[in-house]
Every structure is written in structure tokens, then in C-alpha cells.
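**Student:**
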Amino acid sequence: MTTIATETHTAQAQGPAVLRPREVRALLRAPDRRARRGRRDSALLAALVGSGARVGELVRLTRDQVEHGPGGRVRLMLRTSKGRNGTPPRFRTVTLPAPMARLLREYVAREEPRWWLFEGRRNEALSVRQAQKIVMRWLREIGRGDLRVHSLRHSFGAMVTRETRSIFVAQKLLGHADPRTTARYYAAFEVSDADAAADAVAEALSRRGRRAA
92 MTTIATETHT
102 AQAQGPAVLR
112 PREVRALLRA
122 PDRRARRGRR
132 DSALLAALVG
142 SGARVGELVR
152 LTRDQVEHGP
162 GGRVRLMLRT
172 SKGRNGTPPR
182 FRTVTLPAPM
192 ARLLREYVAR
202 EEPRWWLFEG
212 RRNEALSVRQ
222 AQKIVMRWLR
232 EIGRGDLRVH
242 SLRHSFGAMV
252 TRETRSIFVA
262 QKLLGHADPR
272 TTARYYAAFE
282 VSDADAAADA
292 VAEALSRRGR
302 RAA
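In C-alpha cells:
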């Protein structure tokens, strides 16, 4: 007989490997924010998993592309495309969730980056390779060294799709040109979604039965 645990593993294997919300919380807590590098690493992780940005998009962010709005909101203006053959580059704006926004605000206030949001040596932009090494270090720290750096982007897309129930919203936030790309990665449901759907149908049938009686 197939067990619930086996069913859950099978269902999760259908989609991309992602961090669960509790793992996201553990990841953001992992760096020691009492140290300068820890604050930078924590902010970098928060920006990646809180915006769905590609690493290359994030390391090229300047301070001018970060908007601090009312109520503590933080918005990132990410370059979706570079613009080729005379076409202008395309940008998309993503608002960070409150826990991620707090970490980024703390980092900016304490470290005051001059031009690039995430600086490496000699005030240059952090390189993609450096950012990847940082992410992988902390993924291993929380026991998820099986994931890739791009898994943080998948995790964001999965959370957005699950909470908003909208492939369209996820597509726009992730900067996918084709919604089929978004659907292929994030439309897979979990067993818990199937359970919730069954409960909803049962409740609907129960209501109709009571009205008929």
C-alpha cells in the first residue's frame, strides 16, 4: 500500500526542488549579522529569495535601483533584458516581502554601499561567481546543499504561485517572456493541495446536500 510519505515525495519530485518556508527562515537566519560580511550575505539571500531575481540581475543592481517606500517597503528595479539591436532594456519592479525588506534596509543603513548594492573588493560589484559561492555556503549550512543557486528563484516562484494562485503574477515578477515557462516550473501541485481541493469539493457537496434536504 502506498503511504502518504511516499505520495508526498513523488508529488514533490514532479516540480523543481525548492525551499519550504521554514527553510527560507532558517536560511535568512544563518549568517551572523553582527559582522559586516554576515549582514551582506543575509541581505543578498533575502533579495534573491524575496524577489526571484537571477544572480546576474541582482549583482548588477545599483543603489538607485532600490526604492524605499512608505511603511518600510523596499522595491527592486531589476533589468529583465539588456536590450539588443537598438531596443531599449526592459525592467521589472519587485516588492520585497517584509522580512526580506527589513534585512536589506538594515544592510544598506549599516554598510552604506556607495554605488553597487552588493559590493565586492575595491568597491566593485560582487561577481556572479562570488554571489554563487555565498549562496551555496549557506544552503549547505542549513542542510540543503543538494540545491542550486537558481533554486532560490524557483522557491520564490513556487511561493508566489501557491499564495496568489496566479501564474500571470509569477510570470511578471520572474520576468518570463512566455507564461508556459512559468507554468512548466510552478504549476505542479503538492499532495497538500490535492487534499485541500478534495476537502473543498466535499464541503461544496455537503452544502448542496443540506440545501436539497
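In this note's numbering, each residue's number is its place in the sequence shown (first place is 1) plus 91. A virtual CB, placed ideally from N, CA and C, is assigned to each residue, including glycine. On a predicted model such as this, the values are computed, not experimentally measured, just so you know.
Assess, as a yes-or-no matter, whether the stretch 227-238 is touched by the stretch 156-165 under the definition of 3 or more beta carbon pairs within less than 8 Å.
**Tutor:** no
**Student:** Taking just the CA atoms, how far does alanine 108 sit from histidine 100?
**Tutor:** Indexing the sequence shown from 1 puts residue 100 at position 9. Indexing the sequence shown from 1 puts residue 108 at position 17. Residue placement at histidine 100 is poorly supported in this model, since its pLDDT is 40, which falls under 50; the coordinates still yield a value, given next. For histidine 100 and alanine 108, the distance between alpha carbons rounds to 11 Å.
**Student:** Can you give me the Cβ contacts of arginine 130 inside the same chain, cut-off strictly under 7 Å, excluding the 5 residues immediately before and after it?
**Tutor:** Taking the sequence shown and counting its residues from 1, one reaches residue 130 at position 39. Arg124, Glu197, Tyr198, Arg201, Glu202, listed in sequence order.
**Student:** Nearest to alanine 187 by CA position, among Ala134, Ala291, Arg127, is which residue?
**Tutor:** Your numbering for residue 187 matches position 96 in the sequence shown. Residue 187 is actually leucine in this sequence, not alanine. Checked all of Ala134, Ala291, Arg127; the closest Cα to leucine 187 is Ala134.
**Student:** Could you tell me which residues DSSP pairs with leucine 169 in its beta bridges?
**Tutor:** Here the question's residue 169 lines up with position 78 in the sequence shown. According to DSSP, which records beta bridges pairwise, leucine 169 is partnered with Arg183.
**Student:** What's the gap between the Cα of glutamate 294 and the Cα of alanine 249?
**Tutor:** Indexing the sequence shown from 1 puts residue 294 at position 203. Indexing the sequence shown from 1 puts residue 249 at position 158. Here the alpha carbon of glutamate 294 sits roughly 27 Å from the alpha carbon of alanine 249.
**Student:** Along the beta strand (DSSP E) that carries valine 157, what are the first and last residues, could you check?
**Tutor:** As a first step, residue 157 is located in the sequence shown; it is residue number 66 there, counting from the start. Per DSSP, valine 157 belongs to the beta strand (DSSP E) from 157-159.
**Student:** May I have the straight-line CA-CA distance separating valine 140 from arginine 113, to the nearest angstrom?
**Tutor:** Sequence index remark: in the sequence shown, residue 140 carries index 49 (1-based). Sequence index remark: in the sequence shown, residue 113 carries index 22 (1-based). Rounded to the nearest angstrom, the two C-alpha atoms are 13 Å apart.
**Student:** Where do the ends of the alpha helix (DSSP H) carrying threonine 252 lie?
**Tutor:** Within the sequence shown, residue 252 is the residue found at index 161, counting from 1. From DSSP, the alpha helix (DSSP H) with threonine 252 extends over 242-255.
**Student:** Take alanine 216 and list the residues in its own chain whose beta-carbon comes closer than 6 Å to its own, dropping the five residues that flank it on each side.
**Tutor:** For the purposes of this step, residue 216 is taken as the residue at position 125 of the sequence shown. Only Val150, Trp207 meet the Cβ criterion.
**Student:** I'd like to check one pair, leucine 118 with alanine 144: are the Cβ atoms closer than 7 Å?
**Tutor:** Position 53 of the sequence shown, counted from the start, is the residue given in the question as residue 144. Position 27 of the sequence shown, counted from the start, is the residue given in the question as residue 118. Taking 7 Å as the Cβ cut-off, alanine 144 and leucine 118 do not qualify as a contacting pair.
**Student:** What's the C-alpha gap between alanine 121 and phenylalanine 259?
**Tutor:** Working through the sequence shown from its first residue, we reach residue 121 at position 30. Working through the sequence shown from its first residue, we reach residue 259 at position 168. Spanning the two alpha carbons is a distance of roughly 32 Å.
**Student:** Output the boundary residues of the alpha helix (DSSP H) element that contains alanine 85.
**Tutor:** Here the chain has residues from 92 to 304 only, and residue 85 is not among them.
**Student:** Do you know offhand how far methionine 61's Cα is from valine 240's?
**Tutor:** Missing from the structure shown is residue 61; the chain here goes from 92 to 304 and no further.
**Student:** Can you list, in chain order, the residues of its chain whose CB lies under 6 Å from that of leucine 265, leaving out five sequence neighbours each side?
**Tutor:** Locating residue 265 in the sequence shown gives position 174, where the first residue counts as 1. Gly143, Gly248, listed in sequence order.
**Student:** Can you pull the DSSP bridge partners for threonine 153?
**Tutor:** The residue given as residue 153 occupies position 62 in the sequence shown. Paired residue(s): Trp207.
**Student:** Whose CA, out of Ala189, Ala192, Arg154, lies closest to the CA of arginine 210?
**Tutor:** Counting from 1 along the sequence shown, the entry for residue 210 is found at position 119. The question names arginine, but residue 210 in the sequence shown is glutamate. Here the closest residue by C-alpha is Arg154.
**Student:** Of all the options Thr255, Met191, Pro179, which has the alpha carbon lying nearest to the alpha carbon of arginine 166?
**Tutor:** The residue labelled residue 166 in the question sits at position 75 within the sequence shown. Ranked by Cα distance from arginine 166, the options Thr255, Met191, Pro179 are led by Met191.
**Student:** Could you name the residues of the same chain whose beta carbon sits closer than 6 Å to that of threonine 184, not counting the 5 residues immediately before and after it, in chain order?
**Tutor:** Here residue 184 is taken as the residue at index 93 of the sequence shown, counted from 1. Cβ neighbours of threonine 184 beyond the five flanking positions: Arg166, Met168.
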